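Residue 447 in full-length UniProt numbering is what sits at position 447 of the sequence shown, and the numbering runs on without skipping anything.
Backbone N, C-alpha and C fix where the C-beta goes; we use that ideal spot for every residue, glycine too.
It should be emphasised that the depicted structure is a prediction, and the values quoted were computed from it without experimental measurement.
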Amino acid sequence: MDRLRAVLNAVFTMNWGSDLGAHQLLEEQFLNNLHSNLLLFKDRLPSAHGKSSGPTLSGVSRPPASTSKAPDSRISPLKRNIFSRSARLTSSECVDKNKTKVGSRRQQPQSSPPNTSTGPQNVPQADVSQSKKKDENIRPPEQQQLTDSDQRFQALVIVLQKTLTERDEASRQRRELLQEQLLLRQELVSSVASCDRLEKEKEELRAGLEEALHKLQKQHQTDLLELEQKLQAFYQTEQDKVHLRYQEEADKHHTLTQQQVYKYFLASHEAVKLELESAHVQQLQCVHQQHEQTLEELRKTHSQELQSLDSSFKDAEVALFKQVQELMEEKAELVKKLEVEQQRRRELAETSQKDSHILYLEQELESLKVVLDMKTEQLHQQEKKLMEFEKLTEKNVKLDESLKKAQQENEDLKARMERHAALSRWKHWIIPAVLTLHRQLSTEQAVLQESLVKESKMNKRLSMENEELLWKLHNGDLSSPRQTSPSSPPPSSFCFQSPRSSGLYSSPPLSPR
């Protein structure tokens, strides 16, 4: 405290001269600010450090020493904030000089008992031990609150005791300072002269210090540049070394990762290859089974269609042959009748006796000629139908040949697929070629299946046409000759002529003339 007051006096004399009233007012304001700052600081200590009472006690005894260095420019921002807050809070309270003196006189008898006691630090320790014993029987949350409140109260008690003792000492020292102030007034005149002299020396020292500072700044800048260059060179060399090490480690890790990736890909490739082989074998088996089933079904349907076509063709051929024989017999009879009628006409011409009966016979003869023409047309139509049946048989033969070719191609494909399976078993590394060959085989098989489907459709269509022709043969041209006209042929007749049947049945009809 003596040092603090000496520093305060020196500061006051440097700034405000030897005015005693101003000295007293500033001293009281500073002490009041210090007191309020201590109170604020003690209020904050229990909330931040509620569980430890030891550090609060040690921190309480230090604020006066720390505040003594307030005029220094190196004070921390926390202390500056506390000092400014205390100045704001106590500026309104410390204006009146008499009130502060009365307050200090009232606080002196209250602060005297703690000085006579054994010490301010022994009381809170006993209170703390008693409060701990009392709080052991209380529940945990209430006990925590009680301990916090006890610690805060103890801190406040200690702060109050400390501030009161310091207040008493400050009042005593203030009285001493008043006496010293009288002496200082006498020395003030001499101090003013010394101050002027010191100011001149200060200016001279300031100029010299500024020059020295300027020189030191230049030297510092040069030293900084040299250090920067050295550090840059050092860091560059270190960076190159670190880069080389990093590059070597990166190369090592790269080679290791490549080896691991290669091993992983080999393992995965073998696993995928085995899976593809198993899937390929299963697909080949399924395709073989489907191919055999479709071939068996096509063979069955083709044999059934051939049998039905053969039976229908034979029946139609027999029926047509019978019809042709009947028509030939009718033709022979009609030719005989025609010859008889011609002879009769000759005889009648010779006799030149014409009557109504002769005219009737001539009309009958003309009608017989028309009937002969119609019968010849029917014979030609039957020949055309026979030609159509022959063409259908030729188409069936061609279809049989194409089916045999398809079967041979299927057998070739089976052999190729077996070879491919053998190659895939023994040569696992030719997976892409095997896949392409499998795709080609699958495409060829699809094309063959499409061709088989088309041929089966053609067979069905031809069988339908054969059935239509047979139906037309049985039900189309069996009407009477007088009901059909010679100018309208049946719609089912085709314009085909066979060289074999044209020679047999192409004899022209006998004209009556």
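Whole angstroms are fine: how far does the CA of residue j sit from the CA of residue i?
| i | j | result |
| --- | --- | --- |
| K395 | A421 | 38 angstroms |
| R197 | E204 | 11 angstroms |
| E211 | Q217 | 10 angstroms |
| C195 | D168 | 34 angstroms |
| S268 | S456 | 47 angstroms |
| H253 | L274 | 31 angstroms |
| V185 | R175 | The residue asked about is misnamed: residue 185 is Arg in this sequence, not Val. If you take the alpha carbons of R185 and R175, they lie about 16 angstroms apart. |
| residue 516 | E180 | Here the chain comprises residues numbered 1 to 513, so residue 516 is not present and cannot be evaluated. |
| F83 | A193 | Any reading at F83 must be qualified, since the residue scores a pLDDT of 40, below 50, and its modelled position is unreliable; the value itself is stated next. About 34 angstroms. |
| Q258 | E248 | 15 angstroms |
| F313 | V447 | 32 angstroms |
| D315 | F389 | 12 angstroms |
| V397 | E409 | 18 angstroms |
| K162 | Q239 | 60 angstroms |
| S402 | L441 | 20 angstroms |
| L379 | R344 | 29 angstroms |
| E228 | T237 | 14 angstroms |
| R154 | L182 | Note that residue 154 is Gln in the sequence shown, not Arg. About 42 angstroms. |
| T443 | T301 | 25 angstroms |
| E317 | N475 | 15 angstroms |
| Y262 | L276 | 20 angstroms |
| S36 | K215 | 46 angstroms |
| L164 | Q145 | 29 angstroms |
| A250 | Q282 | 47 angstroms |
| A207 | L244 | 54 angstroms |
| L295 | A332 | 54 angstroms |
| Y360 | V370 | 16 angstroms |
| Y264 | S278 | 21 angstroms |
| V157 | E166 | 14 angstroms |
| E330 | E411 | 57 angstroms |
| K241 | Y235 | 10 angstroms |
| K454 | L298 | 12 angstroms |
| L213 | Q221 | 12 angstroms |
| Y246 | E270 | 35 angstroms |
Can you list, in chain order, the residues of its chain with a C-beta nearer than 8 angstroms to that of residue i? Leave out the 5 residues immediately preceding and following it.
| i | result |
| --- | --- |
| E305 | N459, K460 and S463 |
| Q445 | V287, H291 and L413 |
| S190 | none |
| G50 | Only weak support is given to the placement of G50: the predicted model assigns it a pLDDT of 42, under 50, and the question is left unresolved by the model. |
| Q323 | Q382 |
Would you kindly check if the distance between the Cβ of residue j and the Cβ of residue i is under 7 angstroms?
| i | j | result |
| --- | --- | --- |
| N466 | L348 | no |
| L469 | A406 | no |
| K375 | L327 | yes |
| L372 | L334 | yes |
| E341 | L365 | yes |
Excluding the 5 residues preceding and the 5 following residue i in the sequence, name in chain order all residues of the same chain whose CB lies nearer than 7 angstroms to its CB.
| i | result |
| --- | --- |
| L392 | L462 and N466 |
| L368 | L334, K337 and L338 |
| E226 | none |
Near residue i, which residues of its chain fall below 6 angstroms by C-beta distance, leaving aside the five closest residues on each side in sequence?
| i | result |
| --- | --- |
| D400 | none |
### Query
Counting only runs that start and end within the stretch 299-343, where is the alpha helix (DSSP H) found for 4 or more residues in a row?
The DSSP assignment places no complete run of the alpha helix (DSSP H) inside the stretch 299-343 (cut-off: 4 residues).
#### Entry: Runs of beta strand (DSSP E) lying entirely within the stretch 194-259, each at least 3 residues, in chain order
none
### Unbroken stretches of the beta strand (DSSP E), 3 residues or longer, contained in the stretch 372-457
none
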